[in-house]
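*Asks:*
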Amino acid sequence: MIDTTRARALAAEAVAFAEEAGAEQSEALVAATNGALTRFAGNRIHQNMQSEDAEISVRAVIGTRIGVASTNRVDPAGLEACARAAAEAARLAPEDPSFPGLPAASPIEHADRVAAATLAFDAEARAIAVGSLIAATAGAGGVAAGGVARDHTVTAVANSLGVGVGMARTSVRATVLATGAAGGTGWASFTGLDASGLDAAAMGAFAAETARLSADPIELDAGSYTVVLAPEAVADIAQFLAWYGCSAKSVEEGRSFMSGKLGQRVTSPLITLVDDALRSSAIGLTFDYEGQPKTRVALIDAGVASTPVTDSYWAARTGTPNTGHALPAPNAMGPLPLDVAIEPGDATRESLIASVKRGVYVTRFHYVNIEDPTRVTLTGMTRNGTFLIENGQLTSPVKDLRFTQPALEALDTTLGVSAQRQLVGDEGAALVPYLLLERFTFTGRTT
Amino acid sequence: MTGVPARTAPTGAGARDAIRREGPHVKQFCEQCLDAAVAAGASYADVRVTDTLTQALSVRNGVVEGVSSGSSFGFGVRVVADGAWGFAASSEVTGESAARIARQAVAIARASATVGARPIVLSPLRAHTDTWTGPCAVDPFSVSTDDKLRVLFDADEAMRAQEGIALTTGSMSFLRERKTFASSEGSFLEQEWVESSAGIACYAIGDGDVVTRSYPNSHGGACYQGGWETITALDLPGNAPRIAEQAVQLLAAPLCPESTTSLILDGSQLALQVHESVGHPTELDRVLGDEAAFAGTSWVVPGDLDTLRYGSPSVTITADATVAGSLGSFGYDDEGVPAKREYLVRDGILTGFLSSRESAAEIGRESSGAMRADGWARTPLVRMTTVSLEPGSAGTLDELIADTGEGVYMETNESWSIDDKRLNFQFGCEIGWEIKGGKRARILRNPVYTGITPEFWGGCDAICSRSEWQVWGLDNCGKGEPMQVAHVAHGAAPARFRDVRIGVGR
Numbered sequence: 003m004i005d006t007t008r009a010r011a012l013a014a015e016a017v018a019f020a021e022e023a024g025a026e027q028s029e030a031l032v033a034a035t036n037g038a039l040t041r042f043a044g045n046r047i048h049q050n051m052q053s054e055d056a057e058i059s060v061r062a063v064i065g066t067r068i069g070v071a072s073t074n075r076v077d078p079a080g081l082e083a084c085a086r087a088a089a090e091a092a093r094l095a096p097e098d099p100s101f102p103g104l105p106a107a108s109p110i111e112h113a114d115r116v117a118a119a120t121l122a123f124d125a126e127a128r129a130i131a132v133g134s135l136i137a138a139t140a141g142a143g144g145v146a147a148g149g150v151a152r153d154h155t156v157t158a159v160a161n162s163l164g165v166g167v168g169m170a171r172t173s174v175r176a177t178v179l180a181t182g183a184a185g186g187t188g189w190a191s192f193t194g195l196d197a198s199g200l201d202a203a204a205m206g207a208f209a210a211e212t213a214r215l216s217a218d219p220i221e222l223d224a225g226s227y228t229v230v231l232a233p234e235a236v237a238d239i240a241q242f243l244a245w246y247g248c249s250a251k252s253v254e255e256g257r258s259f260m261s262g263k264l265g266q267r268v269t270s271p272l273i274t275l276v277d278d279a280l281r282s283s284a285i286g287l288t289f290d291y292e293g294q295p296k297t298r299v300a301l302i303d304a305g306v307a308s309t310p311v312t313d314s315y316w317a318a319r320t321g322t323p324n325t326g327h328a329l330p331a332p333n334a335m336g337p338l339p340l341d342v343a344i345e346p347g348d349a350t351r352e353s354l355i356a357s358v359k360r361g362v363y364v365t366r367f368h369y370v371n372i373e374d375p376t377r378v379t380l381t382g383m384t385r386n387g388t389f390l391i392e393n394g395q396l397t398s399p400v401k402d403l404r405f406t407q408p409a410l411e412a413l414d415t416t417l418g419v420s421a422q423r424q425l426v427g428d429e430g431a432a433l434v435p436y437l438l439l440e441r442f443t444f445t446g447r448t449t
Numbered sequence: 019m020t021g022v023p024a025r026t027a028p029t030g031a032g033a034r035d036a037i038r039r040e041g042p043h044v045k046q047f048c049e050q051c052l053d054a055a056v057a058a059g060a061s062y063a064d065v066r067v068t069d070t071l072t073q074a075l076s077v078r079n080g081v082v083e084g085v086s087s088g089s090s091f092g093f094g095v096r097v098v099a100d101g102a103w104g105f106a107a108s109s110e111v112t113g114e115s116a117a118r119i120a121r122q123a124v125a126i127a128r129a130s131a132t133v134g135a136r137p138i139v140l141s142p143l144r145a146h147t148d149t150w151t152g153p154c155a156v157d158p159f160s161v162s163t164d165d166k167l168r169v170l171f172d173a174d175e176a177m178r179a180q181e182g183i184a185l186t187t188g189s190m191s192f193l194r195e196r197k198t199f200a201s202s203e204g205s206f207l208e209q210e211w212v213e214s215s216a217g218i219a220c221y222a223i224g225d226g227d228v229v230t231r232s233y234p235n236s237h238g239g240a241c242y243q244g245g246w247e248t249i250t251a252l253d254l255p256g257n258a259p260r261i262a263e264q265a266v267q268l269l270a271a272p273l274c275p276e277s278t279t280s281l282i283l284d285g286s287q288l289a290l291q292v293h294e295s296v297g298h299p300t301e302l303d304r305v306l307g308d309e310a311a312f313a314g315t316s317w318v319v320p321g322d323l324d325t326l327r328y329g330s331p332s333v334t335i336t337a338d339a340t341v342a343g344s345l346g347s348f349g350y351d352d353e354g355v356p357a358k359r360e361y362l363v364r365d366g367i368l369t370g371f372l373s374s375r376e377s378a379a380e381i382g383r384e385s386s387g388a389m390r391a392d393g394w395a396r397t398p399l400v401r402m403t404t405v406s407l408e409p410g411s412a413g414t415l416d417e418l419i420a421d422t423g424e425g426v427y428m429e430t431n432e433s434w435s436i437d438d439k440r441l442n443f444q445f446g447c448e449i450g451w452e453i454k455g456g457k458r459a460r461i462l463r464n465p466v467y468t469g470i471t472p473e474f475w476g477g478c479d480a481i482c483s484r485s486e487w488q489v490w491g492l493d494n495c496g497k498g499e500p501m502q503v504a505h506v507a508h509g510a511a512p513a514r515f516r517d518v519r520i521g522v523g524r
């Protein structure tokens, strides 16, 4: 596994090779990964893997012609061949008069996102964690499934205009799905950069207890309900909103809920959706794939459609600042927010539930997809811990429900936001609270 | 032009100085991996060396958005040691790394064995030494970038000629994969194939509404195992005006009303319906619970074999890795099992599973030959091959519509969602038509239908004949952790389903 210094050197070497090959401007992105994942099911480890790779991508510019080449061969001969191929591609590419040129260097905020405990989180340590995740469920006669992943990545970007940045990161993600002896299911997850923050036994116990409570579910009719959504469910909504609607490209092309609505209220004022790679809990890069500093962006600010994210191209095209959200070139998706968060409120999970006379508590959704991008109409199923709320208490487990719901309309009925938040997901993880929504439409159930 | 550049792979980047893919070098490398694994204590080992070259081109609103290519070369070693699995992979393909990665795989397996290990039994397999090559008449990597872009530009121009079209896209992608497999049981297999895909789409955007029409399919178009000849046969420019006209008509069309009615699906949507509600739930690893925490399980259990009514007697579904030109075809799977054709559902009754050597042995069967990995860095999983709804005898689509009287016809997938047991599903299509008096009537916008798997397939009472049947490639099937994307396919002809709930949530 190459380190940050070596990755930056490789990127700089590739830029030099590209200039030798005739590029007028050039950029190189190095991404080295060492990832490991231990998966378990049926109370045993059934898949266990580790892989290592390093890839370099070179973007060459000749006039306004652009070419990119990539390879996972990172020795000098591989770099040179890659740079030559990028320059050759640029010569063959059509002119792009709207190309603003590669961005110049800007100061990057450095963050230490490598944890020693994660680097040491080897197969034996992961197996011990798996044992802890399983214990409570197995002890109660159930079966557990899930995974414990450990990743170490090094990313570096250099360009011929002076950009030269690099960053190493570690991350850990653990999940456990408990299926109780009586058939109920429960779920817990952890995402963070430091393996020492993983409390596998507590996760396992929480999932097992949820499974116990989920046994013998009742059937609930389809219809509109007040809901309390746990962070796993909220993350799905936040990410669909951000990824489909908060890119300058989708806004400009008229495909976003923000198109024509910037400055207008789109949700309850209780909702502020941001992208913030600089927050202390973030696990992503502090620069984008053009080596530009990521900035905090309020996507929805107190209910108002505020600011879509940009990269160098879309900043120039829209005449707005570069927010630092470029993806690796070539990029047909446009800029994307990858560190989204919903700002916290002042409620607690318990107070949100206590305020509901009759409603539904949702632990997580399954297989959510978008049916209408401008209304952000989502459909999906509930999973692993859905409960009826009656008079402020979880009273009965509920058979899984299908929802079909415009996300903005649901968020417009927000009645409460918790102070507690959880980081959910892996790459592109979202930091999100519990939400209390007055109206949420379930359109079917599995009988 | 949107600032997304051309991208190409370095010449010869797929080769390595240390190890060449072809000939005795790669065989020697594989033997080094296997010898090291066995010496470290593996009771079983296999190794895959994979060399992949890709190219993708796209245009958007009349300008080039990207021309890209890339290459990836590496190997992965999978072992059983102490009765448990371990897998390790690297892009460093040298004699030193062969031994290092093999030993690492064994160490990982030994760690696996510390939690709930049970003896791993693999279904029997005879060792094979063989080569296999997929069909390809015209190597797409030999066709010039200009020729490829010309097809996309012509189609793009034809779509933009339609007044009311706000956004147009077109794309092509190509892949060549060379894979060597060797096992400690004595197999040595070399396979090579080419894939080609292409599609166009156009958007009409009105007051708060966005509608899409695409050809020949959504989500990137049609995908084949084959060369440039598969792309020219699509005639993208010739079909562009039709979908552009339909997109504009869609924007002014009424929303699909909510009702329960007879539903006819076109072959491409039916292909995805088969994928989600038959393919995935008959993957034996899901049935046995191995994917419970991520993709989910299945509504069927091993004891349902040969007894469970999955659908009506009209429904027969096969899994076939031998269909020429299909994305789901190969000579051998990634455990070295020869390609097979088997029935999953026959005359409506569940008769088979997609399986691996391990999962098949758990239920006393032999592997169906469905273990496939997404590149060198991933361990193989049970995946689909070509999972097809066999054709019926209902004639052409027009004849089926005429026979239906009243109902709705839907075409081309827009969205999909299904629960973790593959029971409760909801699909959205790009376009629908009311059927009145046995004819297509008005267009319907945002048509959506929902159902429960056995009820839905139980309501299938007519399937069009073989003349309407075709194989639809699908190159975005996600499964497993880390996520693996499989290239699979589904044969289907339009079919009719009774008493389906449509227009949900509108």
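In the order they appear, the protein sequences are chains A and B.
For the first sequence, our numbering gives the first residue as 3, with consecutive numbering after it.
For the second sequence, our numbering gives the first residue as 19, with consecutive numbering after it.
All C-beta atoms in this analysis are idealised placements derived from N, C-alpha and C, irrespective of residue type, glycine included.
(1) Helix or strand or just coil, what does DSSP make of B/His293?
(2) Buried or exposed: B/His298, going by 16 or more other Cβ atoms within 10 Å of its Cβ?
(3) Measure the alpha-carbon distance for B/Glu294 versus B/Val318 and round it to whole angstroms.
(4) Between A/Gly182 and the rest of its own chain, which residues show a CB-CB distance below 8 Å, the 5 nearest in sequence each way excluded?
(5) Rounded to whole angstroms, what's the CA-CA distance from B/Arg383 to B/Val65? Just pull it up for me.
(6) Below 6 Å CB to CB, which residues in the same chain sit around B/Lys353 once its five sequence neighbours on both sides are set aside?
(7) Just by C-beta distance, which residues in the segment 430-456 of chain B are closer than 8 Å to chain A?
(8) Are there 16 or more other CB atoms within 10 angstroms of the CB of B/Ala14, so buried, or fewer, so exposed?
(9) Nearest to B/Ser433 by alpha carbon, out of B/Glu203, B/Ser236 and B/Ser109?
(10) For B/Asp392, count neighbouring C-beta atoms within 10 Å of its own C-beta (all shown protein chains included) and say buried if the count is 16 or more, exposed if not.
(11) Nearest to A/Ala88 by CA position, among A/Glu111, A/Ala107 and A/Ile58, is which residue?
(12) For the segment 91-150 of chain B, which segments carrying the alpha helix (DSSP H) assignment without a break, of at least 4 residues, lie completely within its bounds, in sequence order?
(13) Report all residues from its chain with a CB closer than 8 Å to the CB of B/Thr278; omit the five preceding and five following residues, and keep chain order.
(14) Is B/Asp164 helix, strand or coil by DSSP?
(15) In the structure shown, what three-state DSSP assignment does B/Ala388 receive?
(16) Listing by chain order, which chain A residues have their CB less than 8 Å from the CB of B/Asn464?
(17) Excluding the five sequence neighbours on either side, which residues of its own chain have a C-beta within less than 6 Å of the C-beta of A/Leu403, listed in chain order?
(18) How would you write the range of the beta strand (DSSP E) that A/Gln407 sits in, first residue to last?
(19) Counting only beta-carbon separations shorter than 7 Å, does A/Leu39 have a partner in chain B?
(20) Would you list, in chain order, the members of the segment 92-106 of chain B that have their beta-carbon closer than 8 Å to a beta-carbon of chain A?
(21) Following the continuous beta strand (DSSP E) through B/Cys478, name the residue where it begins and the one where it ends.
(22) Taking the C-alpha atoms as reference points, what is the distance between A/Ser420 and A/Asp341?
(23) Is the CB of B/Glu40 under 7 Å away from at least one CB in chain A?
(24) Would you mind telling me which residues of chain A sit closer than 7 Å to B/Ser90, beta carbon to beta carbon, in chain order?
(25) Here's the rule I'm using: 16 or more other beta-carbon atoms within 10 Å means buried, otherwise exposed. How should A/Asn393 be labelled?
(26) Measuring straight from C-alpha to C-alpha, what distance separates A/Ser134 and A/Phe123?
(27) Going by DSSP in three states, B/Leu326 sits in which element: helix, strand or coil?
(28) Under three-state DSSP, which class holds A/Ala197?
(29) Assuming A/Leu439 and A/Thr274 make a contact with CB atoms under 8 Å, what is their CB distance in whole Å?
(30) Could you check the C-alpha separation between B/Asp174 and B/Ala99 for me, to the nearest Å?
(31) Within the chosen definition, does the segment 241-249 of chain B reach the segment 427-444 of chain B through at least 3 CB pairs nearer than 8 Å?
(32) Scan the segment 256-284 of chain B and note each continuous beta strand (DSSP E) run of 3 residues or more that stays entirely inside, going in chain order.
(33) Can you pull out the residues from the segment 286-316 of chain A whose beta carbon lies closer than 9 Å to at least one beta carbon of chain B?
(34) At a Cβ threshold of 7 Å, is B/Ala24 touching chain A?
(35) Measuring only the C-alpha atoms, how far is A/Pro323 from A/Asp290?
(36) Using the beta-carbon of each residue, which ones in chain A are nearer than 7 Å to B/Asp227?
*Replies:* Here's the rundown:
(1) Three-state result, B/His293: helix.
(2) Flag for B/His298 reads buried.
(3) 14 Å
(4) Thr139, Ala142, Gly143, Gly144, Gly188, Ala210, Ala213, Arg214, Ser216 and Ala217
(5) About 24 Å.
(6) Checking the sequence, you will find Glu at residue 353 of chain B rather than Lys. Closer than 6 Å at the Cβ level, and outside the excluded window around B/Glu353, lie Arg375 and Met389.
(7) Residues passing the 8 Å Cβ filter: Glu432, Ser433, Trp434, Ser435, Ile436, Asp437, Asp438, Lys439, Leu441, Asn442, Gln444 and Gly446.
(8) The structure shown does not extend to residue 14 of chain B, since chain B is modelled only from 19 through 524, so no value can be given for it.
(9) B/Ser236
(10) buried
(11) A/Ile58
(12) Listed in chain order, the alpha helix (DSSP H) runs fully inside the segment 91-150 of chain B are 113-130, counting runs of at least 4 residues.
(13) Asp517, Val518, Arg519 and Ile520
(14) helix
(15) coil
(16) Glu373 and Asp374
(17) Thr384, Phe444 and Arg447
(18) Leu403 to Pro408
(19) yes
(20) Across the segment 92-106 of chain B, CB contacts with chain A closer than 8 Å involve Gly92, Gly94, Ala102, Trp103, Gly104, Phe105 and Ala106, in sequence order along the chain.
(21) Start and end: Cys478 to Ile481.
(22) Distance from the CA of A/Ser420 to the CA of A/Asp341, rounded to the nearest whole angstrom, comes to 19 Å.
(23) Confidence at B/Glu40 is low in this model, with a pLDDT of 47, below 50, so its placement is unreliable and no value can be given for it.
(24) In chain order: Asn74.
(25) exposed
(26) 15 Å
(27) coil
(28) In this structure, A/Ala197 counts as helix in the three-state DSSP scheme.
(29) Going by Cβ atoms, the distance from A/Leu439 to A/Thr274 rounds to 16 Å, so no, they are not a contact pair.
(30) Note on geometry: alpha-carbon atoms of B/Asp174 and B/Ala99 lie some 55 Å from one another.
(31) no
(32) 277-283
(33) Residues of the segment 286-316 of chain A with a C-beta atom less than 9 Å from some C-beta of chain B are Asp313, Ser314, Tyr315 and Trp316, listed in chain order.
(34) Note on B/Ala24: pLDDT 40, under 50, position unreliable in the model; the coordinate value appears next. Yes, because at least one Cβ of chain A sits closer than 7 Å to the Cβ of B/Ala24.
(35) 14 Å
(36) Thr376
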